[in-house]
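Chemist: If you read the sequences in order, they're chains Y and F. Under my numbering, think of the first position of the first sequence as 811, with each following residue one higher. Under my numbering, think of the first position of the second sequence as 10, with each following residue one higher. Each residue gets a CB set at the ideal place from its N, CA and C atoms; glycine is no exception. Keep in mind the model is a prediction, meaning the values are calculated, not measured. Pasting a structure below so you can have a look.
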Amino acid sequence: MPSSTAVINDIPLSSPTFFDVPPKAEKVAFFYKDLLQATALNFSRFLSPGVDRSLAETCLDQSLSNDENLAELTVQWRSFAVSEQIERIGNWCKPTIGRAIAERLAILRQCLREEEGQKKDISLDSLRAMHAFIEQIPNVRLPQISLTTEGDVYLRWKSEAGRLFSINFLDDRRVRFVIFYPNPRHSQMINRHSGYETIDTVLPSADRLCSVLEWISG
Amino acid sequence: MKGDHLPGKDHVIRYCPGSKLAEDGTPLGTAFYLRRNEKYLSVEWMEYLQQRTKECAVKEVESILLRKLNVGSTARMAVLNVDNLCHHVKTQTALTIRVLHEPSGKDPAHSGIYDTDQDEMIIAELIAETVDTLHTFS
């Protein structure tokens, strides 16, 4: 068994991992939830009986404009956070691979905006999950990268011998994946598996099926 | 007519946006994923357009797509043979997918690849393997 597999499989199931800690995205979501709740509370105050009608309408207009500002700020914040995350991937400890992935992501981001509108962006949760996933692989080979219409990241490794491993990061924890590999007893037959897992378990699962770590590592 | 199966020897063209292509321009599995709430993969039926050559049919599809979509500068059109794609999915997974005519007023050649959601990721990868030829937008 390759040593890399042993490292991943040796993690006791009960020990806390990165994936048990609430991600930054959730903390930011709480912040936005508070802002939205405050806006809703303002609405209910304006609509209470006894409140001057014209004053209520002015305040409502103001509040609606605040909502638009909030939406715009959210888009700006997300765009900034995506750029920051791509930069973080570019400055990763394996600089050649990190830079290549970051450059590819920047191109794909441009394509996505061109096709789906300037407000469309790569999913931040998906991007974070991809980064956390790829950091688990020692000497990872550069994958093919693309985006779904929703802006989720998709990675694919394909080798000559009918082997394929592709993974679609649905949010900050969940992934779908597919593995093709030659049947060990019938070489002309290709085994095909697909699944739905979390980013911390997908690699051990895929590796158990067909030693995927051996051929996605360089 | 709407809902008719396309003849196996015929071809369809799938619009593949730049964000779903590999660096070398070949479509990856994501080019054959359904959008949210989509029931089938949209394609254009080449032979329905009754052009003299395959190149003319591709040109015609190109103009249809340019009218309908916000075509990106790096996008491609992937030509697929109906029999090849259905047969490949059937033999490799035992799943059946269908290619049906879905005409609309402005786009009578519009068709759909149905039932890819049975195992979307595997079927999308298999469809990507059956791409005949790729064309850029002029």
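Would you identify the three-state DSSP class for Y57/F, choosing helix, strand or coil?
Modeler: Residue state, collapsed to three classes: helix.
Chemist: Specify whether the stretch 19-31 of chain F and the stretch 910-929 of chain Y touch according to this definition: at least 3 beta carbon pairs, one from each stretch, less than 8 Å apart.
Modeler: Result yes; three or more Cβ-Cβ pairs closer than 8 Å.
Chemist: Once DSSP output is grouped into helix, strand and coil, what is the label at S1021/Y?
Modeler: S1021/Y: coil per DSSP, three-state reduction.
Chemist: Check this for me: beta carbons of A912/Y and I899/Y, under 9 Å apart or not?
Modeler: Against a cut-off of 9 Å, the Cβ pair of I899/Y and A912/Y comes out as a contact.
Chemist: Using the C-alpha atoms, what's the distance from A87/F back to P16/F?
Modeler: Roughly 18 Å separates the two Cα atoms.
Chemist: Using the Cβ count rule (16 or more neighbours within 10 Å means buried), how would you classify A971/Y?
Modeler: A971/Y is exposed by the Cβ-count criterion.
Chemist: If we cut at 9 Å on Cβ distances, does Y991/Y have a partner in chain F?
Modeler: So no, Y991/Y is outside the interface.
Chemist: Whose C-alpha, out of R995/Y, M940/Y, V950/Y, S969/Y, is nearest the C-alpha of I977/Y?
Modeler: With distances taken between Cα atoms, I977/Y lies closest to M940/Y.
Chemist: Determine, for L143/F, whether the minimum Cβ-Cβ distance to residues of chain Y falls below 9 Å.
Modeler: With 9 Å as the cut-off, L143/F does not count as an interface residue toward chain Y.
Chemist: Would you say L75/F lies against chain Y (beta-carbon separation less than 9 Å)?
Modeler: Not one chain Y Cβ lies under 9 Å of L75/F.
Chemist: Taking only beta-carbon atoms, is D1010/Y less than 9 Å away from chain F?
Modeler: Judged by the 9 Å Cβ criterion, D1010/Y is not in contact with chain F.
Chemist: For K968/Y, collect the residues of the same chain with a Cβ closer than 6 Å to its Cβ; drop the 5 residues on either side in sequence, then sort them by chain order.
Modeler: Result list for K968/Y: L974, in chain order.
Chemist: Is the Cβ of M130/F closer than 9 Å to any Cβ of chain Y?
Modeler: So yes, M130/F belongs to the interface.
Chemist: State buried or exposed for M999/Y, treating a residue as buried only when at least 16 other CB atoms are found within 10 Å of its CB.
Modeler: Exposed, because fewer than 16 other Cβ atoms sit within 10 Å of the Cβ of M999/Y.
Chemist: For the pair the stretch 105-119 of chain F and the stretch 34-47 of chain F, tell me if three or more CB-CB distances fall below 8 Å.
Modeler: Segments in contact, no.
Chemist: Output, in chain order, the set of chain F residues within a Cβ distance shorter than 8 Å of L1064/Y.
Modeler: Because chain Y here runs from 811 to 1028, residue 1064/Y falls outside it and cannot be looked at.
Chemist: Could you tell me the alpha carbon to alpha carbon distance between V831/Y and I136/F, rounded to whole angstroms?
Modeler: For V831/Y, the predicted structure reports a pLDDT of 46, less than 50, and the residue's modelled location is therefore unreliable. A value from the coordinates is still provided. Cα to Cα, the separation comes out at about 39 Å.
Chemist: With a threshold of 9 Å between beta carbons, is I1000/Y in contact with chain F?
Modeler: So, interface residue.
Chemist: Starting from the Cα of T958/Y, find the closest Cα among P1014/Y, P905/Y, L1023/Y, L980/Y and give me that residue.
Modeler: Per the Cα distances, L980/Y.
Chemist: Provide the residue(s) that pair with I1000/Y in DSSP beta bridges, ordered along the chain.
Modeler: I1000/Y is bridged to P992/Y.
Chemist: With contact counted as at least three CB pairs below 8 Å, one residue from each stretch, are the stretch 62-72 of chain F and the stretch 85-105 of chain F in contact?
Modeler: Result yes; three or more Cβ-Cβ pairs closer than 8 Å.
Chemist: Residues of the stretch 112-125 of chain F with a CB closer than 9 Å to any CB of chain Y: list them in chain order, please.
Modeler: If the cut-off is 9 Å between Cβ atoms, the stretch 112-125 of chain F has nothing near chain Y.
Chemist: Comparing C-alpha positions only, which one of F987/Y, V963/Y, R984/Y sits nearest to R919/Y?
Modeler: It is V963/Y whose Cα lies nearest to the Cα of R919/Y.
Chemist: Which of the residues in the stretch 916-948 of chain Y, read from start to end, lie with their CB under 7 Å from any CB of chain F?
Modeler: Result list: L918, C921, L922, E924, E925.
Chemist: According to DSSP, is S956/Y helix, strand or coil?
Modeler: If DSSP states are grouped into helix, strand and coil, S956/Y belongs with the strands.
Chemist: Using a Cβ-Cβ cut-off of 9 Å, state whether Y57/F counts as contacting chain Y.
Modeler: No, because no Cβ of chain Y sits closer than 9 Å to the Cβ of Y57/F.
Chemist: Just tell me which of S113/F, Y123/F, T139/F, Q101/F has its CA closest to the CA of R1002/Y.
Modeler: It is Q101/F.
Chemist: Within its chain, find whatever has a CB closer than 6 Å to the CB of I132/F; leave out the 5 residues flanking it on each side and keep chain order.
Modeler: Taken in chain order, the residues that qualify are V98, T125.
Chemist: Pick helix, strand or coil for W967/Y, following the three-state DSSP scheme.
Modeler: Correct three-state label for W967/Y: strand.
Chemist: Quick one: is S936/Y buried, meaning 16 or more other Cβ sit within 10 Å of its Cβ, or exposed?
Modeler: Looking at its Cβ environment, which holds 16 or more other Cβ atoms inside 10 Å, S936/Y is buried.
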